[in-house]
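Printed below as a string of structure tokens:
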């Protein structure tokens, strides 16, 4: 004879306390958006001392040449700022327009918009519509047409804006 199993006692549900009411979210007044300052609004601060320290570390022939180039750029672009970026000095007016990059055997002068410039003497190297450059070796002087190229670079930057923003 089989014995009857007793039924397990039933669990009674306990009533939970009602959930606390959430506070009604109040709308906050919209925060005025800040107008982001544009880089073209104010030219980068010139770092003349940093550039001079950079030049001071070069070989003597490079120091003389880079100082001569810096004086030429300052004369042709008095409103331009100068700073060291990517390991070399850059002159900037409405965006970078020229760089000077010393190497062991030469000093490279690069124009961001060199491909758009009129190079009557054909002194610029490089292909395409972007960066073009010229190289000066020890004993070489900057060509007379370099001042005109600097002026063209300034006009192109003023007309088209920062060449780094395409």
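Numbering (UniProt numbering), first residue to last: 1 to 166.
C-beta: ideal position from N, C-alpha, C; glycine also.
Expressed to the nearest angstrom, what Euclidean distance is found between the alpha-carbon atoms of residue i and residue j?
i	j	result
residue 63	residue 89	12 angstroms
residue 109	residue 79	19 angstroms
residue 56	residue 121	32 angstroms
residue 135	residue 101	9 angstroms
residue 165	residue 112	12 angstroms
residue 157	residue 59	32 angstroms
residue 75	residue 159	21 angstroms
Going by DSSP in three states, residue i sits in which element: helix, strand or coil?
i	result
residue 137	strand
residue 56	helix
residue 6	coil
residue 156	helix
residue 48	helix
Thinking C-beta only, is residue j closer than 8 angstroms to residue i?
i	j	result
residue 107	residue 149	no
residue 161	residue 132	no
residue 163	residue 87	no
Ignore the nearest five residues each way along the sequence and tell me which others in residue i's own chain have a CB closer than 8 angstroms to its CB.
i	result
residue 72	142, 146, 147 and 150
residue 51	70, 82, 83, 84 and 89
Within its chain, find whatever has a CB closer than 7 angstroms to the CB of residue i; leave out the 5 residues flanking it on each side and keep chain order.
i	result
residue 154	77, 93 and 97
residue 138	61
residue 54	84 and 89
CB-CB under 6 angstroms to residue i, same chain, minus the five flanking residues each way: which ones, in chain order?
i	result
residue 128	115
residue 124	114, 132 and 134
For the UniProt domain "YdhG-like" (62 to 154), list the beta strand (DSSP E) runs that are entirely contained and at least 3 residues long, ordered along the chain.
Listed in chain order, the complete beta strand (DSSP E) runs (minimum 3 residues) inside the UniProt domain "YdhG-like" (62 to 154) are 81 to 85, 88 to 92, 96 to 102, 106 to 111 and 132 to 137.
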